[in-house]
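S.K.:
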Ligand SMILES: [Zn+2]
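Residue numbers (the numbering used here): 2 to 321.
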């Protein structure tokens with residue numbers, strides 16, 4: 002805590018105290034670009050008292066109190082953490098070390114996202130519009146997507162749905178951008194795995210980029226089917242009736258998706274089913290004839306592009 006305490010200079014603290022509006026506490030300190038004001042440790046109890054002062058107290062009585070109170074209030078834990086990671090020298094050095102590396106790119110790929118729920122091309126537009134109309138306020142509904150938040154909530158309920166250790170190890174390694182242990186343990190030639198993929202065109206790589214993109218790799222279908230088998234089981238737990246495989250209702254072109262959630266939406270128009278078709282997209286080149294490209298992001302300036310391309314491809318397939 003020594004570093005950020007020094008960062009709060011006395012001049013700013015005095016300015017905050019003489020302001021007609023007292024320095025607000027808790028939720029109003031979200032602007033992490035502003036300077037962080039921390040009370041001296043031996044004044045924490047006074048800062049706490051200050052945070053309890055009603056905002057309706059007149060400024061003259063605040064001035065009287067301010068003579069006995071510290072020059073800043075207690076910031077939220079979140080704010081302190083943000084300031085530390087942004088400004089503390091060891092963290093700055095770390096960020097510079099990892100700038101442009103695979104670690105940093107992977108972190109960018111897994112950042113939380115926020116989307117307007119009722120955009121025109123949303124599959125869930127009808128339900129989200131309905132929910133928005135029911136809400137008391139007129140604020141647009143937003144969906145928050147935190148790619149890795151499930152790690153903090155899921156628990157295997159049986160031995161069958163626990164992660165296989167090898168899959169878990171590969172998942173963690175690829176998510177962080179580390180070499181996959183099972184690939185790194187292969188015999189090497191010139192610091193690369195000697196083994197060729199079953200497509201016979203490319204050697205394996207340490208980060209699984211080729212395996213994740215090779216169309217001839219026999220594991221791709223297995224991987225897809227395993228994911229579908231895990232995903233469809235989630236819907237009955239939420240009270241939905243689900244069909245899979247050949248029971249999924251086909252479209253006009255006799256194509257079937259992977260999972261059909263029956264009557265997931267009921268309104269004046271009747272009941273409707275939702276069919277989804279799982280696609281797995283990889284963010285990096287892994288099977289490029291320009292071998293120097295392999296391992297780099299395919300769309301570094303637009304990280305969501307691989308997903309959009311996969312969606313477009315799937316949509317075209319269903320329309321044909
Ligand atoms: Zn291959």
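Glycine included, every Cβ here is placed at the ideal spot set by N, Cα and C.
1) On the DSSP letters alone, give me the boundaries of the alpha helix (DSSP H) that residue 276 sits inside.
2) Between residue 197 and residue 215, what straight-line distance do the alpha-carbon atoms span, to the nearest angstrom?
3) Could you give the DSSP three-state label for residue 207: helix, strand or coil?
4) With C-beta atoms as the reference, is residue 218 less than 8 Å away from residue 193?
5) Can you check which of these residues, 148, 237, 223 and 130, is closest to residue 111 by C-alpha distance?
6) Which word fits residue 95, buried or exposed, when buried means at least 16 other C-beta atoms lie within 10 angstroms of its C-beta?
7) Cβ atoms of residue 278 and residue 315: under 8 Å apart, would you say?
8) Heavy atom of ligand 1 less than 7 Å from the Cβ of residue 199, yes or no?
9) Could you give the distance in angstroms between the alpha-carbon of residue 1 and the alpha-carbon of residue 239?
10) Under a Cβ-count criterion, where at least 16 other Cβ atoms within 10 Å of its own Cβ denotes burial, should residue 159 be classed as buried or exposed?
11) Reducing DSSP to helix, strand and coil, say where residue 97 ends up.
12) Residue 183 to residue 171, Cα distance in whole Å?
13) DSSP state of residue 316, grouped into three classes?
14) Verify whether the separation of the beta carbon atoms of residue 190 and residue 205 is less than 8 Å.
15) Taking all protein chains shown into account, do 16 or more other C-beta atoms lie within 10 angstroms of the C-beta of residue 157, making it buried, or fewer, making it exposed?
16) In whole angstroms, give me the CA-to-CA distance for residue 180 and residue 299.
17) Per the contact definition of three or more C-beta pairs closer than 8 Å, is the stretch 105-119 in contact with the stretch 138-146?
18) Please report the straight-line C-alpha distance between residue 169 and residue 269, rounded to a whole angstrom.
19) Restricting to Cα atoms, I'd like to know which of 173, 102 and 258 is closest to residue 319.
20) Would you list the one or two residues that DSSP bridges to residue 165?
21) I believe residue 130 touches residue 139 by the beta-carbon criterion, under 8 Å. Please report the beta-carbon distance rounded to the nearest angstrom.
22) Thinking C-alpha only, which one of 226, 82, 275 and 51 is nearest residue 281?
23) Please indicate yes or no: does the CB of residue 211 lie closer than 7 Å to some heavy atom of ligand 1?
24) Our contact map puts residue 37 next to residue 76 with C-beta atoms below 8 Å; I'd like the distance itself, whole angstroms only.
M.R.: In brief:
1) Numbered from its first residue, the chain shown carries residue 276 at position 275. Where residue 276 is concerned, there is no enclosing alpha helix (DSSP H), although the beta strand (DSSP E) it sits in stretches over 271-277.
2) Here residue 197 refers to the residue found at position 196 when the chain shown is read from its first residue. Here residue 215 refers to the residue found at position 214 when the chain shown is read from its first residue. Going by the C-alpha atoms only, they are around 12 Å apart.
3) Residue numbering aside, residue 207 sits at position 206 when the chain shown is read from its first letter. In the structure shown, residue 207 sits in coil (DSSP, three-state: anything other than H, G, I, E or B).
4) Sequence index remark: in the chain shown, residue 218 carries index 217 (1-based). Sequence index remark: in the chain shown, residue 193 carries index 192 (1-based). Contact: no.
5) Here residue 111 is taken as the residue at index 110 of the chain shown, counted from 1. Answer by Cα proximity: 148.
6) Your numbering for residue 95 matches position 94 in the chain shown. By the neighbour-count rule (16 or more Cβ atoms within 10 Å), residue 95 is not buried but exposed.
7) Position 314 of the chain shown, counted from the first residue, corresponds to residue 315. Position 277 of the chain shown, counted from the first residue, corresponds to residue 278. Yes. Within cutoff.
8) As a position in the chain shown, residue 199 is number 198, starting the count at 1. Flag set: Cβ of residue 199 near ligand 1.
9) Outside the modelled stretch of the chain, which goes from 2 to 321, sits residue 1, for which no answer is possible.
10) Taking the first residue of the chain shown as position 1, residue 159 is located at position 158. Result: exposed.
11) The residue labelled residue 97 in the question sits at position 96 within the chain shown. Three-state DSSP puts residue 97 in a helix.
12) The residue you call residue 183 lines up with position 182 of the chain shown. The residue you call residue 171 lines up with position 170 of the chain shown. C-alpha separation (whole angstroms): 8 Å.
13) Residue mapping note: residue 316 aligns to position 315 of the chain shown, counting from 1. Reduced to three states, the DSSP call for residue 316 is helix.
14) As a working note, residue 190 is residue 189 in the chain shown. As a working note, residue 205 is residue 204 in the chain shown. No, they are not a contact pair.
15) On the chain shown, position 156 is the one that residue 157 refers to. Its Cβ having fewer than 16 others within 10 Å, residue 157 is exposed.
16) Stepping through the chain shown from its first residue, residue 180 is reached at position 179. Stepping through the chain shown from its first residue, residue 299 is reached at position 298. Roughly 19 Å separates the two Cα atoms.
17) yes
18) Indexing the chain shown from 1 puts residue 169 at position 168. Indexing the chain shown from 1 puts residue 269 at position 268. Roughly 45 Å separates the two Cα atoms.
19) The sequence position of residue 319 within the chain shown is 318, counting from 1. Closest option to residue 319, Cα to Cα, is 258.
20) The count along the chain shown starts at 1 and reaches residue 165 at position 164. Answer is none; residue 165 lacks a bridge partner.
21) Position 129 of the chain shown, counted from the first residue, corresponds to residue 130. Position 138 of the chain shown, counted from the first residue, corresponds to residue 139. Incorrect: roughly 13 Å between the Cβ atoms, too far for contact.
22) Locating residue 281 in the chain shown gives position 280, where the first residue counts as 1. The option with the nearest alpha carbon to residue 281 is 226.
23) Here residue 211 corresponds to residue number 210 of the chain shown, with the count starting at 1. Residue 211 Cβ: within cutoff of ligand 1.
24) Position 36 of the chain shown, counted from the start, is the residue given in the question as residue 37. Position 75 of the chain shown, counted from the start, is the residue given in the question as residue 76. Between residue 76 and residue 37 the Cβ distance is about 6 Å, and since that is below 8 Å, they are a contact.
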